[in-house]
Amino acid sequence: MRSILVVFFLLSISFATPLIENSSGQSVAAAVTLECNPPGGGSINIEVNPGATLSGYTICTVSNPTVHVEKISITVQSSGMAVAAPGSITVAAGGEEDFQVSVRADSRTPAQARTLNVEVFVQEISGVPPPNSASASSSNIVNIMQFAEFNVQMATPIIELEVGGDYELDYFLQNTGNGFDNFKLDLEYGQSEEGSYSLTSTKVQAEWGSFSWFRVLVNAPNDGSDWNIDSAGRHTFETDIEVIVESELGCQNGDCLTTSMTQKIIFYQNQTMEDDSGSDLLSSSINNQVLIFGGGGTVAILLIILLVIMLRRKNT
């Protein structure tokens, strides 16, 4: 009987030992998984134009596959952008929890793509440090969205041009958006016979923050003698042309960004030009008359001298 009890005791120990080891192993091992997805999927898109929110976010789901409660720490790398996220989170055994990671860019940040990386570590399991290292990570692309904006300036808003000449008017464009852009150019003016106008180019391009320039060619009329006379005694004619600039990027985004400027041109003709022309004709006429009168006087003198000589010979 005693030998049977000994055998039964030994068998009980042999069967119980594996169960204890398995239970101990399951309770000690830490594990964690992580998945981050922006709303709607894809990437985190951040608008940085003036007045925009400048921010975006992603939703992360952390899972605890163990049979014990885990305290999980959270770290975020954001490629230089400001972020907001919880420092840690507690997840029940076999459970999962969501947390939000927000990212913020500076206003007018150049258009580009950056990376947001979220990493989690098991800090505690059932209130004690885990015997093993357990971690997981997830990454999202952050797109800094491009916006269109520009300024255009005239070198001379009001310009005076003399008749009979060809001129070039300069205009300067600055791309104040946050990325490369193309700009369409156009002119509008009345159908007048007084001068002609054209652009040297119908399109210019500029990197963000840089300047570009373009010109309008003006062929002034040759004669303005029938124009009104101003206070300075000049014949003048005033006209306006509209210089129109449009961002191609702005139109691609569905809201065309267009600006226009009014260039005032005053054509003039000095009245001295007419006076000089008239005085030349008068001078020519007077000179001709002097020559005629001069020639007639010489002939008369010669006739008198000849008459005197003939009278003297007759008397002798």
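Mind the numbering: the sequence shown is residues 269 to 584 in this note's numbering, read in order.
Every residue, glycine too, gets a C-beta built ideally from N, C-alpha and C.
Classify residue i: buried if its beta carbon has 16 or more other beta carbons within 10 angstroms, exposed otherwise.
i, result
"Gly310", "exposed"
"Ile497", "exposed"
"Pro307", "exposed"
"Asn490", "exposed"
"Val396", "exposed"
"Gly319", "exposed"
"Ala352", "exposed"
"Glu510", "exposed"
Is residue i helix, strand or coil by DSSP?
i, result
"Val275", "Legend: pLDDT at Val275 = 42, less than 50; position of this residue unreliable, value from coordinates given subsequently. Three-state DSSP puts Val275 in a helix."
"Cys304", "strand"
"Gln459", "coil"
"Glu516", "helix"
"Gln473", "strand"
"Gln414", "coil"
"Asp374", "coil"
"Asn400", "coil"
"Phe440", "strand"
"Phe367", "strand"
"Phe448", "coil"
Rounding to the nearest angstrom, what Cα-Cα distance links residue i and residue j in this structure?
i, j, result
"Glu364", "Pro333", "9 angstroms"
"Phe448", "Ala297", "53 angstroms"
"Ser403", "Gln414", "36 angstroms"
"Ala299", "Lys471", "60 angstroms"
"Glu516", "Asn305", "32 angstroms"
"Gly445", "Asp434", "35 angstroms"
"Phe585", "Ile412", "Missing from the structure shown is residue 585; the chain here goes from 269 to 584 and no further."
"Ser341", "Leu322", "27 angstroms"
"Phe440", "Gln421", "5 angstroms"
Note to self: Whether or not the stretch 380-399 and the stretch 407-422 are in contact is what I'm after, with contact meaning three or more pairs of Cβ atoms, one per stretch, closer than 8 angstroms; do they touch?
What the structure shows: yes
Item checked: Sequence ranges, beta strand (DSSP E) only - wholly within the stretch 316-364, length at least 3 -> 323-331, 338-345, 350-352 and 356-359
Note to self: For the pair the stretch 495-507 and the stretch 525-536, tell me if three or more CB-CB distances fall below 8 angstroms.
What the structure shows: yes
Item checked: Three CB pairs or more closer than 8 angstroms across the stretch 423-438 and the stretch 512-525 -> no
Check: Which parts of the stretch 474-539 are runs of the alpha helix (DSSP H), unbroken and 4 residues or longer, counting only runs that do not cross its ends?
Finding: 516-520
Notebook entry, point to check: Touch check for the stretch 323-330 and the stretch 301-309: three-plus C-beta pairs under 8 angstroms?
Noted result: yes
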